[in-house]
Amino acid sequence: MKVILNIIRGEGNVFVNICEKDLLGKEFRENEVILNINKEFYEGDEVDMEYAFSLVDEATVVSIVGNILVDEAIKRGFVHKDSVLEVSGVKFAQVYNL
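Residue numbering for the sequence shown is 2 to 99, as defined by this note's numbering.
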């Protein structure tokens with residue numbers, strides 16, 4: 002599966018942002034919660050999901066958006082199912098390697 006990957010490096014941190022292609026640039030709202038998959042933070046290279054997940058261990062923070070991606074992150078043990086946020090049916094999770 003192809004995903005969108007954006008790596009941001011700065012101030013000793015590495016942010017790995019991964020999202021499903023069809024979600025890039027969209028915003029989802031549910032009650033007072035807003036999930037904004039903005040291009041400034043998520044737009045990047047189209048890569049294989051395997052490559053994107055290979056970067057999790059070296060990242061300081063990983064943001065993962067999309068039901069397929071989050072479910073896969075749970076299967077791989079990167080994310081606990083109870084830590085997933087869902088906004089209007091779209092799953093979002095973060096991994097912190099501090």
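Positions of the beta carbon are idealized from the N, C-alpha and C atoms, including for glycine.
- Query: If you run the structure through DSSP and keep just helix, strand and coil, what is K40?
  - Reply: As a position in the sequence shown, residue 40 is number 39, starting the count at 1. Helix at K40.
- Task: Use the C-beta contact count for L24: other C-beta atoms within 10 angstroms, 16 or more gives buried, fewer gives exposed.
- Result: Position 23 of the sequence shown, counting from 1, holds the residue named residue 24. With 16 or more other Cβ atoms within 10 Å, it is buried.
- Would a C-beta distance cut-off of 8 Å place L109 and F93 closer than the cut-off? The chain is shown from 2 up to 99; residue 109 falls before or after that span and cannot be answered.
- Item | Nearest-angstrom Cα separation, counted from V48 out to V96 | Stepping through the sequence shown from its first residue, residue 96 is reached at position 95. Stepping through the sequence shown from its first residue, residue 48 is reached at position 47. For V96 and V48, the distance between alpha carbons rounds to 19 Å.
- Query: Would the beta-carbon of I5 fall within 8 Å of that of K27?
  - Reply: As a first step, residue 5 is located in the sequence shown; it is residue number 4 there, counting from the start. As a first step, residue 27 is located in the sequence shown; it is residue number 26 there, counting from the start. Contact annotation: I5 and K27 have beta-carbon atoms that are not nearer than 8 Å.
- When the distance is taken between beta carbons, is A60 closer than 8 Å to V91? Along the sequence shown, one-based indexing puts residue 91 at 90. Along the sequence shown, one-based indexing puts residue 60 at 59. With a cutoff of 8 Å on beta-carbon distance, V91 and A60 are scored as not near each other.
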